[in-house]
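Here the structure is laid out as structure tokens; the discussion comes afterwards.
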Amino acid sequence: MIEREKEVKVFNLDLDALKRELLSKGAEHLGEEKQINHILKVDLDENSKLKSLLRLREVNKSGKEAFYLTYKIKGKDTGGLRNSEEITSEIKDKDSMLKILEMLGVSVIELNYKTRDSYLYKDARFDFDELDKKTFDVPYLEIEVKDDEKLEEIIKEFNIDRKNITTKNITELRKNKDEIY
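The sequence shown begins at 1 in full-length UniProt numbering and counts up by one.
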């Protein structure tokens, strides 16, 4: 599946209160899942390292396990949204895929663990994410929308302070955590 991803991360919120507010407004609770993300190293030039990501994700949701290989290419940020092209394919055999990638010179450079609790409201997806403490020790909200106008609508409706919004990825945020406090 190839799609355009438009999202932001939001920090310094009462995440539990926001979940309750979403439900009180009729949001659909999509469920909670546990993820193991295998971040893979691809030999690209230095300028590309923060612009692309190759990841094999293990997802466990309601006792069912699935595996997805994703290549994400960061596009130009517009109107406060991070725009990425994301190509994802479901994988049947995680271990064989990792072995094939290893044989091609692609190795796992990071393993992280994430708990994600997701909601859908007015065509916007709200992912409440918490990574393992070693990877990133601050829980956050990821909002994925179709366009800038939808993001503006969500920011206003939930009274989200713009200073708590970022388009940076976790790798970029780890380099300067002061930006989120």
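Cβ coordinates follow ideal geometry from the N, Cα and C atoms, glycine included. Just so it is clear, the structure is predicted and the values come from calculations on it, not from any experiment.
Any 3 or more C-beta pairs closer than 8 Å across the stretch 31 to 42 and the stretch 87 to 106:
yes
Count the C-beta pairs between the stretch 16 to 27 and the stretch 82 to 89 that are closer than 8 Å, then say yes if the count reaches three, no if not.
no
Simplified DSSP assignment, three categories, for Asn-60
strand
Taking only three categories from DSSP, how would you classify Asp-117?
strand
Reduced DSSP secondary structure (H/G/I, E/B, other) of Lys-19
helix
Does Leu-151 come out as helix, strand or coil in the three-state DSSP assignment?
helix
Quick one, which of Glu-142, Asn-37 and Asn-60 has its alpha-carbon nearest Glu-7's?
Glu-142
Should Ser-62 be labelled buried (16 or more other beta-carbon atoms within 10 Å of its own) or exposed?
exposed
CB of His-29 within 8 Å of CB of Tyr-119, strictly:
yes
Pairwise C-alpha distance: Glu-5 and Pro-139:
21 Å
Verify whether the separation of the beta carbon atoms of Leu-69 and Asp-148 is less than 8 Å.
no
Look at Lys-9 and Thr-171 and say whether their C-beta atoms are less than 8 Å apart.
no
Anyone know if the C-beta pair for Leu-53 and Phe-67 falls short of 8 Å?
no
Please classify Ala-17: is it buried, with 16 or more other beta-carbons within 10 angstroms of its beta-carbon, or exposed?
exposed
Give me the Cα-Cα distance between Val-145 and Glu-33, rounded to the nearest whole angstrom.
20 Å
Specify the secondary structure class of Lys-146 as computed by DSSP and reduced to three states.
coil
With distances taken between CB atoms, is the gap from Asp-127 to Arg-116 smaller than 8 Å?
yes
Go ahead and pull the three-state DSSP assignment for Asp-95.
helix
Give me the Cα-Cα distance between Val-59 and Lys-134, rounded to the nearest whole angstrom.
20 Å
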